[in-house]
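A.B. asks:
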Amino acid sequence: EKCMHRLLGVALGKSLPIIINGFSNIFACGSMQRNIFQGLSTWIFVFSGCFLYYDSAMWSYVGCLVGGFGIPGLVGPCMGNASDA
């Protein structure tokens, strides 16, 4: 069971930021809307991981791993999108 929770935590922690960053590409790099979207999505991501960690005995390990592996993918630099060219 611990190995499945570890796999789930790392997989979600690595894939959810990619999906969230994909949604942020609808805004231009450096725009106020993108900054607000990234700030809110990062805050919600951290809050969700902390909530899982402190609220659930069964899923606390998963919440910790999701937060730990996901945040570096959310706070990276803006890579641009098609509308920036």
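Straight run, no breaks: the sequence shown in the numbering used here ends on number 316.
By construction, the Cβ of each residue, glycine as well, lies at the ideal position given by its N, Cα and C atoms.
Only a predicted model underlies this, so the values are computations on that prediction, with no experimental measurement involved.
(1) Assuming G304 and N252 are in contact, meaning their beta carbons sit under 8 angstroms apart, how far apart are those beta carbons, in whole angstroms?
(2) For V306 and I249, what's the separation of their Cα atoms in angstroms?
(3) Are the Cβ atoms of V297 and G280 separated by less than 8 angstroms?
(4) Let me confirm a value: P308 is counted as buried when at least 16 other C-beta atoms fall within 10 Å, else exposed. Which label applies?
(5) What number of angstroms, rounded off, separates the C-alpha of Y284 from the C-alpha of F278?
C.D. replies: Put simply:
(1) 7 angstroms
(2) 11 angstroms
(3) yes
(4) exposed
(5) 10 angstroms
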